[in-house]
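Chemist: Residue numbers (the working numbering): 200 to 453. Even for Gly, the Cβ is constructed at its ideal location relative to N, Cα and C. Starting off with a structure, shown below.
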């Protein structure tokens with residue numbers, strides 16, 4: 200998977216099955232979760248650069264069961280963590296209760312206290328959407344502003360994305376944070392998809408978003424502040440990373 204991926208605040212990632220999306224997302228997570236790199240049999244090497252506030256660079260090399268990190272040309276035993284990665288795969292909210300603190304806690308992978316803090320901050324960080332939250336033991340009642348949705352019926356599932364945005368923002372105020380969403384729109388109506396994309400487009404957030412999707416709704420939002428990247432299979436197990444308009448138009452036409 201040769202190429203250079205330049206990330207902005209909002210990022211859309213497109214690619215067909217087996218194009219290498221999962222491996223690319225694992226590389227992005229590698230500075231937080233190195234075990235993900237060892238799941239693939241192929242050797243790999245990549246460089247990740249970031250500003251702290253000066254430009255810094257980490258080299259990641261995997262050779263069989265051997266993993267090495269170098270930061271600023273110096274070998275380190277443990278992976279650096281210039282950012283926190285919050286990662287969520289497809290359908291992780293299915294079967295959980297968005298109207299309960301334990302349900303939100305399980306979804307976010309946090310403890311009860313952290314989940315309650317996230318829920319309590321929804322009206323603070325989402326004032327145009329959430330008017331009030333009330334706790335009844337473990338249960339939660341979320342009240343929405345009447346003008347937030349108009350005639351659109353979005354369903355309870357969008358609550359998960361409100362929780363994600365608030366959780367990512369609270370985390371980002373402690374350390375740089377990237378929210379990685381791997382095909383989160385499975386079984387989500389296009390109207391709700393657009394609402395979630397517009398939610399992340401808010402200028403108030405300080406975290407980054409990387410959203411990998413097949414959704415036509417996500418593809419259509421690439422001109423609304425999102426940087427778009429496509430993975431193009433080139434035969435065998437190789438894919439090419441492209442952020443060129445001509446390649447993005449090809450994937451859209453397909």
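Between which two residues does the beta strand (DSSP E) carrying residue 268 extend?
Modeler: DSSP places residue 268 inside the beta strand (DSSP E), whose first and last residues are 265-270.
Chemist: Between 251, 243, 284, 285, which lies nearest to residue 268 when the distance is taken from Cα to Cα?
Modeler: 243
Chemist: Since residue 301 and residue 311 are thought to touch, with beta carbons under 8 Å apart, how far apart are those beta carbons, to the nearest angstrom?
Modeler: 7 Å
Chemist: If I follow the unbroken beta strand (DSSP E) through residue 214, where does it start and stop?
Modeler: 209-214
Chemist: Taking 8 Å as the cut-off, does the segment 331-346 touch the segment 313-320 (at least 3 CB pairs, one atom from each stretch)?
Modeler: yes
Chemist: Taking all protein chains shown into account, decide if residue 425 is buried (16 or more other Cβ within 10 angstroms of its Cβ) or exposed.
Modeler: It is buried - the Cβ of residue 425 has at least 16 other Cβ atoms within 10 Å.
Chemist: Assuming residue 212 contacts residue 428 (C-beta within less than 8 Å), just tell me the rounded distance between them.
Modeler: The Cβ separation is near 5 Å, so the contact holds.
Chemist: In the DSSP assignment, what residue or residues form a beta bridge with residue 340?
Modeler: Per DSSP, 333.
Chemist: Using the C-alpha atoms, what's the distance from residue 397 back to residue 329?
Modeler: In a straight line, the C-alpha of residue 329 is about 15 Å away from that of residue 397.
Chemist: Look up residue 256 in the DSSP assignment and give the residues it is bridged to.
Modeler: 248
Chemist: Going along the chain, which residues of its own chain have a beta-carbon closer than 6 Å to the beta-carbon of residue 378, five neighbours each way excluded?
Modeler: 285, 367, 406, 408
Chemist: What residue does the alpha helix (DSSP H) around residue 392 start on, and which one ends it?
Modeler: 389-399
Chemist: Need the endpoints of the alpha helix (DSSP H) that residue 442 sits in, please.
Modeler: That residue, residue 442, is in no alpha helix (DSSP H); it is neither H nor E in DSSP.
Chemist: Should residue 230 go down as buried or exposed, given a rule of 16 or more other Cβ atoms within 10 Å for buried?
Modeler: buried
Chemist: For the beta strand (DSSP E) containing residue 273, list its first residue and its last residue.
Modeler: 273-275
Chemist: Does DSSP classify residue 287 as helix, strand or coil?
Modeler: strand
Chemist: Cutting at 8 Å between CB atoms, please list the residues of its own chain near residue 237, excluding the five before and the five after it.
Modeler: 261, 264, 266
Chemist: Please return the same chain residues whose Cβ sits closer than 6 Å to the Cβ of residue 374, not counting the five positions on each side in sequence.
Modeler: 283
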